[in-house]
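Taking it in order: structure first as structure tokens, then the write-up.
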Amino acid sequence: MKKTTINKATTTLIAGAMLWVASLASCSKDNKNTTTTLTLYDSLGGSTMVADPSNSGAMIEKGRLGIRSVVDSTIFVIAADPAINSQFSVLLAEVTAGNLSGFSVLSKNLTDFFCVATGAKNFTYAGKSMTDAHNPATNSRVTTKSTNADFDAFVADLVTGANKNALPAYLIARVGAVVGTLRTQVVQK
Ligand code: HEM
Numbered sequence: 003m004k005k006t007t008i009n010k011a012t013t014t015l016i017a018g019a020m021l022w023v024a025s026l027a028s029c030s031k032d033n034k035n036t037t038t039t040l041t042l043y044d045s046l047g048g049s050t051m052v053a054d055p056s057n058s059g060a061m062i063e064k065g066r067l068g069i070r071s072v073v074d075s076t077i078f079v080i081a082a083d084p085a086i087n088s089q090f091s092v093l094l095a096e097v098t099a100g101n102l103s104g105f106s107v108l109s110k111n112l113t114d115f116f117c118v119a120t121g122a123k124n125f126t127y128a129g130k131s132m133t134d135a136h137n138p139a140t141n142s143r144v145t146t147k148s149t150n151a152d153f154d155a156f157v158a159d160l161v162t163g164a165n166k167n168a169l170p171a172y173l174i175a176r177v178g179a180v181v182g183t184l185r186t187q188v189v190q191k
């Protein structure tokens with residue numbers, strides 16, 4: 003039976019969802035006096051190219067850089083979180099052994115996923131569906147199905163990861179609103 007656990011982070015994010023929905027209607031006028039709706043990806047930095055601090059000489063979209071930074075911080079927060087880190091045992095065993103290949107794939111897939119989910123135009127997500135990604139029967143890198151409590155812990159870790167990158171509260175709330183829509187696909191017990 004599914005447990006419904008709503009903690010403080012989730013409550014904050016639900017409140018933020020209302021702000022997010024309202025802000026979807028926020029528009030800007032370009033110099034042709036046409037109206038453009040700003041996506042969350044635009045608010046995170048959008049497609050403006052900036053130097054990639056992790057790849058000397060390479061450029062990266064500012065929105066993607068922000069999302070990748072939050073994703074990587076969040077993976078480290080999860081790795082240290084006893085509430086859910088046992089579910090990432092395959093990944094953690096690899097990293098402990100000095101093998102970062104699984105980390106790189108997860109970082110890319112999560113970054114692509116959140117780029118697409120927030121409205122990026124220049125990326126696609128090629129990973130598993132949210133249902134298959136979180137079912138041990140269809141993803142051997144997952145040790146067990148997730149509960150509502152696991153999902154809440156994941157969201158709290160995501161908020162911590164976002165705060166480590168100084169993301170403003172209203173943008174954290176908007177990212178949280180996107181994440182909240184995925185609960186029924188991720189929670190499978
Ligand atoms: C809305 C929330 C979540 C999103 C958007 C999300 C997204 C993803 C994505 C995109 C992947 C990669 C799939 C692939 O490689 O094909 C993944 C993998 C995974 N997720 Fe989630 N996830 C969420 C919540 C959770 C929760 C609550 C847990 C458990 C506490 C969890 C545990 C895992 C694990 C263990 C993997 C495999 C990691 C690896 O490849 O080593 N996820 N998730």
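The opening position of the sequence shown corresponds to residue 3 in our numbering, with each subsequent residue numbered one higher. The C-beta atom is built at its ideal place from N, Cα and C for all residues, glycine as well.
query: Does at least one heavy atom of the ligand HEM sit under 7 Å from the Cβ of Asp152?; result: yes
query: Which whole runs of the beta strand (DSSP E) in the segment 51 to 85 are 3 residues long or more, in chain order?; result: 51 to 53, 61 to 63
query: To the nearest angstrom, how far is the alpha carbon of Ala24 from that of Thr39?; result: Confidence at Ala24 is low in this model, with a pLDDT of 37, below 50, so the placement of that residue should be treated as unreliable; the coordinate-derived value is given next. Going by the C-alpha atoms only, they are around 12 Å apart.
query: So, helix, strand or coil for Thr38, using DSSP?; result: strand
query: How should Leu169 be labelled, buried or exposed, when 16 other C-beta atoms within 10 angstroms of its C-beta is the threshold for buried?; result: buried
query: CB of Arg70 to nearest heavy atom of the ligand FMN: below 7 Å?; result: Absence of the ligand FMN is noted for the structure shown, with the ligand HEM being the only ligands found.
query: Three Cβ pairs or more, each shorter than 8 Å: is that satisfied between the segment 156 to 166 and the segment 80 to 95?; result: yes
query: I need the straight-line Cα distance from Thr183 to Thr145, nearest angstrom please.; result: 23 Å
query: I need the DSSP call for Val189, collapsed to helix, strand or coil.; result: strand
query: Any chance the CB of Phe156 is under 7 Å from a heavy atom of the ligand HEM?; result: yes
query: Span of the alpha helix (DSSP H) holding Tyr172?; result: 171 to 182
query: Run the CB neighbour count on Gly59, radius 10 Å, all protein chains shown included, and call it buried at 16 or more, exposed below.; result: exposed
query: Hey, Val73 and Thr113: beta-carbon distance below 8 Å or not?; result: yes
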